[in-house]
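At position 136 of the sequence shown the residue is numbered 170 (the working numbering), and the sequence of numbers has no breaks.
All residues carry an ideal CB built from backbone N, CA and C; glycine is no exception.
Right, one structure below, let's go through it.
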Amino acid sequence: MNATAMAAGGPLRVFIVQLIAFLVLMYILYRFVKPILTKLLNQRAQKIEETFLKIEKDTADTYRELTGTKEKLAQVEREIRERQVKSLKEAQQARDRILAEASGQVAAALEKAKREIQIEHEKAILELREEATTLTLHAADQLVQSAMNDTLQEHMVQRYLSGLDGVKKA
């Protein structure tokens, strides 16, 4: 302590002045800064909650779409089998009928039925591939958007918290 401070009332007086200044500063921070910080943190928490809810909803929607696509695939496979059975029955009937006429015509009819089955099968597979690709791209787009938002949000929260640490130290 310097001589002026000692002469003016000593360390107790300096301590009391500093304590009063500290209490005034704490009151100002509590009264004006705390509500602003609380509001900002509550808004940020709400946005994060909304983002998580959206991610959960998108995940559930994607799962439903995937389940629907699997069901469609199973239905198409059943239809393919039914069409194959139907086409084979038709080919067999045609073969039996045509055998009486000529064996060469039987071979041609059977080959035609097999080509029709193959074409229908390939068409169904192409349709399923297009649907699966569309759903996969949609799901990937949603996941990428969500990941970018989360990363950006985490970065902003970390920067904000670092700023708060700087305010606490000051």
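> Is T103 near A166, with beta carbons less than 8 angstroms apart?
Replying inline: Translated into positions along the sequence shown, residue 103 becomes position 69. Translated into positions along the sequence shown, residue 166 becomes position 132. In this structure, A166 lies closer than 8 angstroms to T103 by Cβ.
> From which residue to which residue does the alpha helix (DSSP H) around F56 run?
Replying inline: Mapped onto the sequence shown, residue 56 falls at position 22. Where F56 is concerned, the enclosing alpha helix (DSSP H) stretches over G44 to I62.
>> My assumption, with CB atoms under 8 angstroms, is that R117 sits in contact with E83. Please give the rounded CB distance.
In response: The residue labelled residue 117 in the question sits at position 83 within the sequence shown. The residue labelled residue 83 in the question sits at position 49 within the sequence shown. The Cβ separation is near 50 angstroms, so there is no contact.
> When you compare only the Cα positions, how much space is there between T185 and L71?
Replying inline: Residue 185 sits at position 151 when you count from the first residue of the sequence shown. Residue 71 sits at position 37 when you count from the first residue of the sequence shown. Their Cα atoms are separated by approximately 22 angstroms.
> Do R119 and A158 have their CB atoms nearer than 8 angstroms?
Replying inline: Position 85 of the sequence shown holds residue 119. Position 124 of the sequence shown holds residue 158. Looking at the sequence shown, residue 119 is not Arg but Val. Not a contact, by the Cβ cut-off of 8 angstroms.
>> Just to confirm the assignment, what range does the alpha helix (DSSP H) spanning F86 have?
In response: The count along the sequence shown starts at 1 and reaches residue 86 at position 52. Taken as a continuous stretch (DSSP letters only), the alpha helix (DSSP H) holding F86 covers K68 to L133.
> Is the Cβ-Cβ distance between L144 and R129 less than 8 angstroms?
Replying inline: What you label residue 144 is simply residue 110 of the sequence shown in a count that begins at 1. What you label residue 129 is simply residue 95 of the sequence shown in a count that begins at 1. Taking 8 angstroms as the Cβ cut-off, L144 and R129 qualify as a contacting pair.
>> As a quick exercise: from E105, A136 and S121, pick the residue whose alpha carbon is nearest that of I151.
In response: Position 117 of the sequence shown, counting from 1, holds the residue named residue 151. Selected option, being the one with the closest Cα: S121.
> So, helix, strand or coil for A173, using DSSP?
Replying inline: The residue labelled residue 173 in the question sits at position 139 within the sequence shown. In this structure, A173 counts as helix in the three-state DSSP scheme.
>> I need the DSSP call for A206, collapsed to helix, strand or coil.
In response: Not covered by the structure: residue 206. The range shown for the chain is 35 to 204.
> Considering only C-alpha positions, which residue in the set S137, I132, K81 and L75 is nearest to Y194?
Replying inline: Translated into the one-based positions of the sequence shown, residue 194 becomes position 160. Comparing Cα positions, the closest option is L75.
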